[in-house]
Amino acid sequence: MKQGIHPDNYRLVAFTDMSNGETFITRSTVATKDTVEIDGTEYPQVKLEISNTSHPFYTGKMKLVDTAGRVDKFMSRYQKHFDKRK
1 MKQGIHPDNY RLVAFTDMSN GETFITRSTV ATKDTVEIDG TEYPQVKLEI
51 SNTSHPFYTG KMKLVDTAGR VDKFMSRYQK HFDKRK
């Protein structure tokens, strides 16, 4: 492994999936202004639209929940084509 290419300022950061509210804590160098308190400890918070707890590949669910409704709009537009295939 090359020396001196990785940052030295890793710290514990809370990542929150906004679609289902799941939060996990890991080490990161990401800059953020938001904070969240978990078990009496305050962590910097990064808000995610999708993570492994809500992504269809990891959950096995076919429907993707997104804030803009793009997937639902696409599915409703092409529903008759999907029905013909079955």
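Going by full-length UniProt numbering, 71 is the number at position 71 of the sequence shown; the sequence numbering is gapless. C-beta atoms are modelled at their ideal positions from N, C-alpha and C, and glycine is treated no differently.
query, result
"If you scan the segment 27 to 65 from start to end, which runs of the beta strand (DSSP E) of 3 or more residues do you find wholly inside it?", "35 to 38 and 41 to 48"
"Below 8 Å on the Cβ atoms is my guess for T35 versus E42; work out the distance and round it to an integer in Å.", "5 Å"
"Grab me the residues of G4's own chain with a C-beta within less than 8 Å of its C-beta, minus the 5 sequence neighbours each way, in chain order.", "none"
"By Cβ distance, which residues of its chain are closer than 8 Å to V46, with the 5 residues on each side in sequence left out?", "V13, A14, F15, T16, S28, V30, T32 and D34"
"Please state whether DSSP places D72 in a helix, a strand or coil.", "helix"
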